[in-house]
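In the working numbering, the protein residues as written are 418 to 1397.
Structure representation (structure tokens):
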């Protein structure tokens, strides 16, 4: 009977939904939705949305998108785009290289929701799988760079170089404060130089691009802050950097080396050569080209600089029973805590891609990596030798994978290569670059010799001896062992690899298991149909610098997506270049800053930011060269208009902009948003509307219409790009007409010399279209939802949030509500009074929710002692009720403490979470509960858990221990005192 009832087809969500995808994306069926609406006192989702939104901003009429497509037609449309992209063997290089993604990783990680639907590991007890995978990545980077501390990925190589420049300015503060300069090697990739110059200018760090020859005189630069050296250089040259690094450090500088991880398998590490910092891209460790991204960048540093590093570091600590446990270390450095004093504005990174790169190293092991690197180098040498023997001149005698050769006409050679199926790099009119990749064969090398020189050559790289080749002769080969940790040396079969990947996934709690009710993070459905196209070769195999006539499918799809986003937001133009929400913030604020400078308003260097704003807001403002002035919040959580007026009276002439998160970070629609926009405009400032919460506006209100001059969007929130355990993200920037000239520019173009007239934008990411590889996800979501589907998704996000808020009102009151008693898409549950009475904290509740099979809501933001809950429209009523049941049950556990039945320190809440072992061990009462609670109370507090139970793999983690004893490499197991 139960099975039959379960099989009954419920009514579609609404007759208006002609697109079949819509009710698959929106969780509640029509009868469930109506039941929730009746409980809330509304007849329809439209009625509730109209009551929640201020009348002054409500959108008049539909969005104006094309008719919604079904899943099959959507895939067909994307296939048509992909088929317009011409696939060649990509030998362009220039920071992006041919690689092979092992099928076991593509199938079990990239295409596995257990990996791509996970959130950033801020709750580490339920994130142990991805944390271990990121620790593998860090260990890989540390080993190959020879530096002791690496982070858990950055956004791309260009921004990593820029971050290194800022790191050196912090780390060499005395020289920086005395007017010192940072030198950039002209051998860096052009995008590395351009992005770094743009960011350094905004941060007011003096940077010069110079040709750093082998006899370069660093002492000629007084108060030298730092030097960035490239090895290999952009055109392939490899050299012994030891003397240059020594000379630069002798002049008082810190030294950063941009390096290629695969080349580092063979080359002496930057750390051994004396470098302080190493940065680069891990793309060629099995991550597809993706038309420019997403790709995990890396940074590794000396011990002296580890606490100044940008981004996240995975560290090793221990849990309540002494077992090893992973967590994000040194979180007090992060932007969401330090705001404008943060080391960077990085929030979303490229975690999923770093995971892939780490697994690539696990899969191949050190011997496999040496084989791949040696074969690539051997074929490059064979190419170079054959071209030299044919009478052509090479730009460099020593190289790893890239041969740059002088020809009579670069365009003629490139044309012949394209006809034969190869893309090469046009360095200039007479030089061509060929970057050998993992799939390049001896036959390819022979054909390339013929194309370039007209000569024939027989190529066999099978017996190549790297020690006898040019790298060996130059004395630049490493002689130390790499990747000695057992994880890189024990997995030798696909069966082992498959089980290792499954084991790690099972240690996590991702969206494929349960609702992740994180406020302001919007963990909604990432539909399989949207995920399917991103690994198609027609999308994934395209180089970002391929000729324009080969990438028409990409260009058409991106232009169409940008136009759809313009219609949704009400703005004039969109750029998808920013590859994270924080980078979209930076791009928008940079556009505002340059707009003012272009008008001669140099004094407008302040940005007003409400006290409740996301931490990235303040950090992005600081990076854009703007000073932060906080605006108070009123008791109801809205912007304090009186304080805003006071700040404008005081700073009006200096105000560049205000940043408004809408709906507010407090989860309400502020009635006076138009008034706030008008007041700032009247003072000559611009209005930045943070689009992090756009999922409560789509189809209901348009930021570009109700007062915004610029917004960024989070495609990994509102538009269903998955969070991937902390990234990838995409943060498009949307602007009004007058800011169009200041949108991000092409990072591959030289910024030129001379005075900046501030009439154009500047690049913010390494690739022109940022993380283009994941844009088909958002395109398909919008295409399948259509006008009414997107609008109903926003309405149902409101219904679900208000349902949870009202159901929990008697247990955990909602802190802020609108004038009609409604919240927006999220609600802040106030635990402060309960904590005052019981001693049980919001953190205790977060840990206890893991035992109920839930990821915790957002903890202590934007108000300490609270939990911010956002169910999203994708969760069905059954899942919402399960969460409500868990929270009510936890309230009962808190009440037992309040009633004096158990002390807080002895309660099941304070000891949570519980592993399977902890509740089954023979000495449970002595070692775990102290006789204060039972096994069933710990493990099965509600009946439904007896059927499906997730056990966290570790107990509560000791954060302080992990920070005091920073360990960020794969640990030896004997390093821990693990109780039997």
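All C-beta atoms in this analysis are idealised placements derived from N, C-alpha and C, irrespective of residue type, glycine included.
Since we're looking at a predicted model, the values are computed, not measured.
- Taking a C-beta distance under 8 Å as the contact criterion, residue 1148 and residue 998 qualify as a contact pair.
- DSSP, read as helix, strand or coil, puts residue 888 in helix.
- In the DSSP assignment, residue 866 falls within the alpha helix (DSSP H) that extends over 859-870.
- A check of alpha carbon separations from residue 1346 across 1359, 1330, 1162 identifies 1330 as the nearest.
- Residue 1306 and residue 1052 have their C-alpha atoms spaced approximately 30 Å apart.
- When secondary structure is reduced to three states using DSSP, residue 1221 falls in the helix class.
- If you draw a straight line from the Cα of residue 473 to the Cα of residue 1114, it is about 13 Å long.
- Scanning 1172, 933, 953, 551 for the CA closest to the CA of residue 743 turns up 551.
- Put simply, of 1374, 861, 814, 1386 the residue whose alpha carbon is nearest the alpha carbon of residue 541 is 1374.
- The alpha-carbon separation between residue 457 and residue 1288 amounts to approximately 16 Å.
- Between residue 877 and the set 939, 858, 1146, 1000, the nearest pair of CA atoms involves 858.
- Fewer than three pairs of CB atoms, one per stretch, sit closer than 8 Å, so the region 565-585 makes no contact with the region 1293-1304.
- Ranked by Cα distance from residue 676, the options 789, 696, 685, 669 are led by 696.
- Counting only runs of 3 or more residues that sit fully inside the region 903-951, no beta strand (DSSP E) segment turns up.
- The beta carbon of residue 608 is closer than 6 Å to those of 575, 1164, 1165, 1183 in its chain, skipping five residues each way along the sequence.
- Boundaries of the beta strand (DSSP E) around residue 1103: 1103-1108.
- In this structure, DSSP gives residue 850 an extended state, which the three-state scheme calls strand.
- For residue 1094, the uninterrupted alpha helix (DSSP H) run begins and ends at 1090-1099, by DSSP.
- Pairing residue 732 with residue 847, the inter-Cα distance amounts to about 49 Å.
- Take residue 786, set aside five residues on each side of it, and the residues of its chain with a beta-carbon closer than 8 Å to its own are 679, 682, 778, 899, 900, in chain order.
- Residue environment for residue 729: buried (at least 16 other C-beta atoms within 10 angstroms of its C-beta).
- Cβ neighbours of residue 727 within its own chain (closer than 6 Å, five residues either side excluded): 580, 760, 761, 763.
- Where residue 1313 is concerned, the enclosing alpha helix (DSSP H) starts and stops at 1294-1315.
- Our two residues, residue 1122 and residue 1135, have alpha carbons roughly 19 Å apart in a direct line.
- Just measuring C-alpha positions, the residue of 1176, 798, 1127 sitting nearest residue 653 is 798.
- A Cβ-Cβ distance of about 6 Å is found for the pair residue 936 and residue 1274, placing them in contact under the 8 Å criterion.
- Distance from the CA atom of residue 1131 to the CA atom of residue 805, rounded to whole angstroms, is 51 Å.
- Relative to the Cα of residue 844, the nearest Cα in the group 834, 821, 835, 862 belongs to 821.
- Between the alpha carbons of residue 1258 and residue 1380 lies a gap of roughly 22 Å.
- One thing to note: residue 1138 has its Cβ no nearer than 8 Å to the Cβ of residue 536.
- For residue 706, the secondary structure class from DSSP, reduced to helix, strand or coil, is coil.
- By the Cβ test, the region 435-455 is in contact with the region 1188-1206, since at least three Cβ pairs between them sit closer than 8 Å.
- Between residue 1215 and the set 452, 442, 440, 469, the nearest pair of CA atoms involves 469.
- DSSP places residue 661 in the uninterrupted alpha helix (DSSP H) bounded by 659-667.
- For residue 892, the CB contacts under 8 Å within the same chain, skipping 5 residues up- and downstream, are 657 in chain order.
- Contact annotation, residue 1241 with residue 1105: C-beta distance approximately 19 Å; criterion of less than 8 Å not satisfied.
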